[in-house]
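In the working numbering, the protein residues as written are 11 to 426. Right, one structure below, let's go through it.
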């Protein structure tokens with residue numbers, strides 16, 4: 011049983027650990043500092059000559075949305091105060107994560123849910139991009155808020171209002187980090203199921219249309235196409251290639267399993283193994299996709315572009331065996347789980363496809379999916395989780411797992 015005192019101590023420790031991270035220039039993903047340094051001048055350009063920079067943003071060679079850099083350019087703060095300011099902005103994410111968890115796990119003690127929400131502060135990606143301000147976490151923040159209103163929509167409370175609020179914050183998420191925009195497919199499908207063809211659905215469509223106008227106007231009419239510029243890691247050019255699609259299927263499925271493992275270990279995730287053994291057409295199709303993906307898989311070129319990426323299991327496989335065998339085994343097990351998850355609720359398949367499509371470039375970093383996949387597992391994916399009661403022993407296992415992962419990142423940094 012976790013008391014209020016224990017919870018306050020843990021939350022306070024995690025909070026102040028971020029300030030320690032600022033002081034020691036912590037970067038657990040070994041790339042946040044370089045991203046910050048490489049993009050800092052963009053805000054300066056907006057501050058010094060806004061209109062020229064805005065109209066020629068694609069010439070800077072960055073595929074990130076200018077939204078975050080414009081926001082940062084108008085702040086009357088020095089660099090360190092800006093970093094502290096954005097750190098606290100990003101800390102709104104676990105607050106809305108907690109508010110959302112309360113809607114899913116209604117009978118679970120609140121202290122357990124607070125600990126689950128604060129777990130984000132242990133994630134290397136969240137820590138690194140909170141310390142070195144990055145648009146990815148601004149996108150995660152708005153995406154989490156959009157999920158909160160989606161859950162309120164699912165409760166049948168003010169369905170039109172909450173569907174519009176979900177749409178609005180999803181748009182802010184996409185303007186902050188465009189990869190989140192693809193999730194409109196999943197949410198819109200849910201709205202169609204609820205509203206059918208009605209005035210409410212037309213209002214949702216109209217809201218999506220209006221919110222998308224600035225994006226398409228900027229990219230295609232003014233022709234500031236920063237997403238498909240020459241430094242976009244082949245976005246669009248090789249997106250539909252068998253190699254790129256295969257890489258995404260294998261690696262993203264392994265990353266998904268990485269975030270699902272602690273739930274399996276905590277015995278909070280209930281699976282019907284017999285679903286794997288039934289030779290249904292659905293199973294055969296997905297296993298065929300897996301085998302084809304293994305055949306066309308080759309992440310070498312993408313990895314060599316930045317000497318990074320691939321996720322935890324890709325790098326572990328290379329470290330231990332100097333090949334992809336371990337990665338394929340992990341991905342195979344992940345596929346078995348995914349088959350079960352898709353059979354449990356077909357909407358899980360739509361959501362997973364959105365995850366695949368959210369990463370159009372040929373490079374794949376686990377940081378791009380953190381903490382998004384964890385949040386989706388807890389809040390949106392309809393999994394075989396025991397929602398009646400999330401016990402402290404479950405929280406302890408999950409905490410231990412991600413604490414170990416953070417520790418491994420520290421060891422990696424010290425040894426390299």
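Glycine included, every Cβ here is placed at the ideal spot set by N, Cα and C.
Residue i - DSSP class collapsed to helix/strand/coil
i, result
"residue 395", "strand"
"residue 13", "coil"
"residue 116", "coil"
"residue 36", "coil"
"residue 415", "helix"
"residue 235", "coil"
"residue 308", "coil"
"residue 160", "helix"
"residue 133", "coil"
"residue 167", "coil"
"residue 404", "helix"
"residue 49", "helix"
"residue 92", "helix"
"residue 146", "helix"
"residue 277", "coil"
"residue 66", "coil"
"residue 75", "coil"
"residue 372", "coil"
"residue 356", "coil"
"residue 87", "coil"
"residue 325", "helix"
Top-ranked residue by Cα proximity to residue i, from the options
i, options, result
"residue 268", "253, 377, 360", "377"
"residue 369", "402, 263, 352", "263"
"residue 423", "21, 40, 355, 27", "40"
"residue 322", "408, 273, 419", "419"
"residue 85", "96, 75, 388", "96"
"residue 161", "173, 151, 380, 150", "173"
"residue 63", "48, 45, 83, 47", "83"
"residue 179", "154, 167, 139", "154"
"residue 131", "395, 380, 404", "380"
"residue 302", "311, 251, 360, 213", "251"
"residue 320", "270, 347, 364, 258", "258"
"residue 324", "337, 231, 206", "337"
"residue 80", "341, 317, 102, 148", "148"
"residue 101", "21, 45, 270, 168", "21"
"residue 214", "229, 231, 194", "194"
"residue 124", "313, 402, 355", "402"
"residue 300", "314, 340, 271, 316", "340"
"residue 316", "48, 151, 128, 373", "373"
"residue 371", "73, 163, 157, 304", "73"
"residue 406", "276, 198, 189", "276"
"residue 181", "200, 170, 220, 165", "220"
"residue 53", "350, 353, 75, 233", "75"
"residue 260", "308, 231, 222", "308"
"residue 272", "14, 417, 99, 404", "404"
"residue 107", "150, 145, 98, 332", "150"
"residue 31", "163, 90, 57, 227", "90"
Between the CA atoms of residue j and residue i - distance to the nearest angstrom
i, j, result
"residue 236", "residue 225", "11 Å"
"residue 392", "residue 43", "36 Å"
"residue 330", "residue 411", "21 Å"
"residue 335", "residue 400", "35 Å"
"residue 143", "residue 295", "42 Å"
"residue 177", "residue 184", "10 Å"
"residue 216", "residue 103", "28 Å"
"residue 255", "residue 134", "27 Å"
"residue 36", "residue 78", "22 Å"
"residue 361", "residue 218", "19 Å"
"residue 18", "residue 421", "28 Å"
"residue 328", "residue 38", "20 Å"
"residue 210", "residue 197", "14 Å"
"residue 409", "residue 24", "12 Å"
"residue 389", "residue 343", "23 Å"
"residue 358", "residue 128", "25 Å"
"residue 437", "residue 346", "The structure shown does not extend to residue 437, since the chain is modelled only from 11 through 426, so no value can be given for it."
Status (buried if at least 16 other CB within 10 Å, exposed otherwise) for residue i
i, result
"residue 298", "exposed"
"residue 291", "exposed"
"residue 69", "exposed"
"residue 139", "buried"
"residue 384", "buried"
"residue 118", "buried"
"residue 156", "buried"
"residue 414", "exposed"
"residue 66", "exposed"
"residue 48", "exposed"
"residue 207", "exposed"
"residue 242", "Caution is warranted here: a pLDDT of 49 is assigned to residue 242, below 50, making its placement in the model unreliable, and the coordinate value is therefore given only provisionally. Per the 10 Å Cβ criterion, buried."
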